[in-house]
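Inspection log for the structure reproduced underneath, given as C-alpha cells.
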DNA sequence: CGTGGGGTTGATTCTTATCAATTCGGGTGG
DNA sequence: CCACCCGAATTGATAAGAATCAACCCCACG
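Chains as they are written, first to last, in my numbering: chain A, 747 to 997; chain B, 747 to 997.
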C-alpha cells in the first residue's frame, strides 16, 4: 500500500490509465528508510534525484548563516520532493525527515523517460508543481502579515485539512521547534500560542494529538481559504487524453 | 520590441525554434494598457486567462480581512502572470499594476493549444513554474527568518539582479508601501531601514534610483544566494528537441 | 531511580508597528 | 516664474508583540 502512495496522490488531479499507473510505480521502486532528523539531501548537494515520500512526514528547510532555520514545506506521503529543482543542478533546500520515514529516490532522468512515454503525466506533474506553489503562497501570506496566533491557527487548519480532512482531530507529528521554524516563530512562542488558542476554546491538545474544537471559528480567525488545498484540481488538457487512452481506472 | 518580451525571457531556459517563437508570439497578440494601481484581476475572480507582461512592473498580492496586504511576486517584463492557477478555476491572488504597464491577457485554452503543437514548450513553462517557486522559496526564508534590515537588503539585491544585473544602480519603481507589503514590514519601517543601510554605506539613494555601493557586503549581509536566480537553467529533456527540430535560433 | 529531551512558564529585552507631526518633491494653475 | 497642493517619504515618541534567557516540569527510557 505504501507503494501506491504517489498514485493515490495523483488521482486528486485526474484519473489515471493503467499504463500511467505502471509508469508512476517505477518511481517508487527503490524504497529506503530514514530516521527522524536525518537529512536526505542537503542544500547545495548535486540535485540528481527526486524523492517520493511513501511513509511518514518530511520537510524542506534551509539553514541560515546565523544558525536559524526556515522550514518551507511539510511533505506528507504521496508527495514528490524536489520537483522545483528540476531546472537546477544543485539543491536549493535541505530535505529532512521529521518522523521516521520511507522515501524512494529516483533519478531525474527517469522522470524524463516517464514524460516521454506518457506526456499527460508531464501535465500532471506541472499541476502538482502549481499546487505546491499555491501552498507556498499561502505560507508567504502567513509569514508576512499574520500574528503568531493567526499563523499557528492557520497552520493547524492546513495540516488538519491535509492529514485528516474529515476527522475532528489529528496527529501533529512534529516538535514545536519545527513548527516554529515553519512559521517564523521561536519554539517557546509556539508553546504559548498553542496554549492561547486552547484557552480561547478553539483547540485542545493531549500529547501530539490536536483536536479542533471549533473549526469554523478557527477558519475565520486565521482567515483560512480552503480553495488553495482543493482536491480534484483539473485542467483542460486531460480531456484530450481521456478520449485516446481508453483504460481509465476508477478509484 | 515589447512584442518579443516573453521570448527573450524563455531564452533563459533554452534556445527556441522558429516555430516555437511563432507560437509564443500568439500569446502576446492582445496587448492592453493598465494604469499604475489598477487591478488586472482580483483574487476569487474566474481564472480563465493568463497575462503576459510586456512593459512595466506588476505584482501578485492578497488582501486580508483586516485590510493588510501581502505582495507575493513582483513581475518584470517577460514574465507570465497566473501560471500557478493553471489547475484552479478561480484566482488565488490579485494582479495589480505597480507602474503603468502593458500586458497581454490570453485564454488558458490557448496555452493548451501551444502545448499540443510544441510539447517542449510545456517543459519550458514547467521550468518557469519551478523557477518562480524558487523565488517564492527565497521569499519565505526572507519573511520567516530575517530581520528588517536583512530583508530589505536581500530584496534590493534580488531586484538589482533581475532588473540590472550588470549596472551599479537601478530604478526601484515602487512605493515604499509596496516594498513593505512584499517584505512584511510597515512603510515607515522600510524608510527607516533604507536609511540604516545607506548609513552603513551599503547603498545610496536619490529619488527612485538605488545605487548599490558595496554589492559584496550587501550579499553577505543579507545571506543572498545567487543560485536561485541563475539564468540559463536547463533540463535534460531539451536535448531531445534540439536534435529533431533543426532550426535553433541563436540570440 | 537517575537522565535527558521536549514542553511550559515567568521575567526581561529587543524589534517593529503605530500614531502623529514635518518635510520633500513633483505637478498645476495663476 | 512662483505659490500652492498633494501624495510620498521622513522623523520622533510610544506601544505592542515576539525573542531570549532561565528555571522548572513532565515523562519516556535506560
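Where a beta carbon is used, it is the ideal one built from N, C-alpha and C, also for glycine.
It should be emphasised that the depicted structure is a prediction, and the values quoted were computed from it without experimental measurement.
Chain A contact residues for residue i, given Cβ-Cβ distances below 8 angstroms
| i | result |
| --- | --- |
| residue 816 (chain B) | 886, 887, 890 and 891 |
| residue 923 (chain B) | What residue 923 (chain B) touches in chain A: nothing, since even the nearest Cβ is about 13 angstroms away. |
| residue 948 (chain B) | Correct list: empty, because the minimum Cβ distance to chain A is about 17 angstroms. |
| residue 899 (chain B) | Correct list: empty, because the minimum Cβ distance to chain A is about 13 angstroms. |
| residue 933 (chain B) | The premise fails here: residue 933 (chain B) is roughly 14 angstroms from chain A at the closest Cβ pair, so nothing lies under 8 angstroms. |
| residue 794 (chain B) | Under the 8 angstroms cutoff, chain A gives no residues; its nearest Cβ is about 11 angstroms from residue 794 (chain B). |
For residue i, the residue or residues it bridges with in DSSP
| i | result |
| --- | --- |
| residue 836 (chain A) | A:792 |
| residue 850 (chain B) | B:798 |
| residue 843 (chain B) | B:804 |
| residue 819 (chain A) | A:806 |
| residue 915 (chain A) | A:957 |
| residue 787 (chain A) | A:841 |
| residue 950 (chain A) | A:957 |
| residue 780 (chain B) | B:847 |
| residue 827 (chain B) | B:797 |
Selection from the options that minimises the alpha carbon distance to residue i
| i | options | result |
| --- | --- | --- |
| residue 808 (chain B) | B:951, B:927 and B:860 | B:927 |
| residue 854 (chain B) | B:845, B:877 and B:868 | B:868 |
| residue 920 (chain B) | B:756, B:805 and B:752 | B:805 |
| residue 776 (chain A) | A:796, A:820, A:789 and A:762 | A:796 |
| residue 843 (chain B) | B:874, B:970 and B:788 | B:788 |
| residue 846 (chain B) | B:822, B:874, B:866 and B:826 | B:822 |
| residue 871 (chain A) | A:841, A:839, A:904 and A:830 | A:830 |
| residue 877 (chain B) | A:833, A:880 and A:791 | A:833 |
| residue 851 (chain B) | B:824, B:755 and B:865 | B:824 |
| residue 969 (chain B) | A:813, A:771, A:904 and A:835 | A:813 |
| residue 772 (chain A) | A:931, A:947 and A:856 | A:856 |
| residue 835 (chain A) | A:942, A:790 and A:811 | A:790 |
| residue 937 (chain B) | B:946, B:753 and B:923 | B:923 |
| residue 888 (chain B) | B:913, B:859 and B:931 | B:931 |
| residue 858 (chain B) | A:956, A:752, A:780 and A:866 | A:866 |
| residue 960 (chain A) | A:973, A:946, A:971 and A:972 | A:946 |
| residue 780 (chain A) | A:802, A:942, A:762 and A:763 | A:802 |
| residue 972 (chain A) | A:810, A:757, A:906 and A:941 | A:906 |
| residue 815 (chain A) | A:956, A:942, A:941 and A:925 | A:925 |
CB-CB length for residue i against residue j, believed under 8 angstroms
| i | j | result |
| --- | --- | --- |
| residue 800 (chain B) | residue 766 (chain B) | Residue 800 (chain B) to residue 766 (chain B), Cβ: 18 angstroms. No contact. |
| residue 849 (chain B) | residue 908 (chain B) | Going by Cβ atoms, the distance from residue 849 (chain B) to residue 908 (chain B) rounds to 18 angstroms, so no, they are not a contact pair. |
| residue 902 (chain B) | residue 949 (chain B) | 7 angstroms |
| residue 891 (chain A) | residue 929 (chain A) | No, residue 891 (chain A) and residue 929 (chain A) are not in contact; Cβ-Cβ is about 13 angstroms, not under 8 angstroms. |
| residue 785 (chain B) | residue 819 (chain B) | That pair is no contact at about 15 angstroms. |
| residue 944 (chain A) | residue 951 (chain A) | 6 angstroms |
| residue 915 (chain B) | residue 965 (chain B) | Not really, about 16 angstroms apart at Cβ, beyond 8 angstroms. |
| residue 817 (chain B) | residue 798 (chain B) | 20 angstroms between Cβ atoms; not a contact. |
| residue 899 (chain B) | residue 967 (chain B) | 5 angstroms |
| residue 893 (chain A) | residue 769 (chain A) | In fact, because the Cβ distance is near 46 angstroms, the residues do not count as touching under 8 angstroms. |
| residue 882 (chain A) | residue 975 (chain B) | The Cβ separation is near 17 angstroms, so there is no contact. |
| residue 962 (chain B) | residue 879 (chain A) | Contact flag wrong, Cβ pair sits at about 32 angstroms. |
| residue 837 (chain A) | residue 793 (chain A) | 4 angstroms |
| residue 873 (chain A) | residue 759 (chain A) | 5 angstroms |
| residue 939 (chain A) | residue 895 (chain A) | 5 angstroms |
| residue 718 (chain A) | residue 934 (chain B) | Because chain A in this structure spans residues 747 to 997, residue 718 (chain A) falls outside the shown range and cannot be described. |
| residue 762 (chain B) | residue 752 (chain B) | Residue 762 (chain B) to residue 752 (chain B), Cβ: 10 angstroms. No contact. |
Neighbouring residues, chain B, relative to residue i (Cβ below 8 angstroms)
| i | result |
| --- | --- |
| residue 832 (chain A) | 872, 873, 876 and 981 |
| residue 973 (chain A) | 834, 836 and 838 |
| residue 829 (chain A) | 876 |
| residue 930 (chain A) | 889, 890 and 891 |
| residue 788 (chain A) | What residue 788 (chain A) touches in chain B: nothing, since even the nearest Cβ is about 14 angstroms away. |
Contact list for residue i against chain B, beta-carbon separation under 9 angstroms
| i | result |
| --- | --- |
| residue 782 (chain A) | Going along chain B, no residue has its Cβ under 9 angstroms from residue 782 (chain A), so there is no contact; the nearest lies around 22 angstroms. |
| residue 943 (chain A) | Residues of chain B passing the Cβ test: none, with the nearest at roughly 18 angstroms. |
Closer than 7 angstroms at the beta carbon, the chain A residues around residue i
| i | result |
| --- | --- |
| residue 865 (chain B) | 865 |
| residue 811 (chain B) | 969 |
| residue 880 (chain B) | 830 and 838 |
| residue 964 (chain B) | Here the premise fails: no neighbours, minimum Cβ distance about 14 angstroms. |
The ligand HEM heavy atom lying under 6 angstroms from the CB of residue i
| i | result |
| --- | --- |
| residue 954 (chain A) | Among the ligands in the structure shown, none appear at all, so the ligand HEM cannot be discussed. |
Neighbouring residues, chain B, relative to residue i (Cβ below 7 angstroms)
| i | result |
| --- | --- |
| residue 808 (chain A) | 887 |
| residue 762 (chain A) | Those do not exist, as residue 762 (chain A) stays about 16 angstroms from chain B at its closest Cβ, beyond 7 angstroms. |
Per-residue contacts from residue i into chain A (C-beta, under 9 angstroms)
| i | result |
| --- | --- |
| residue 804 (chain B) | What residue 804 (chain B) touches in chain A: nothing, since even the nearest Cβ is about 16 angstroms away. |
| residue 910 (chain B) | Residues of chain A passing the Cβ test: none, with the nearest at roughly 23 angstroms. |
Mind pulling the alpha helix (DSSP H) runs of 4 or more residues that sit fully within the segment 879–945 of chain B?
-> 894–909, 922–929 and 933–945
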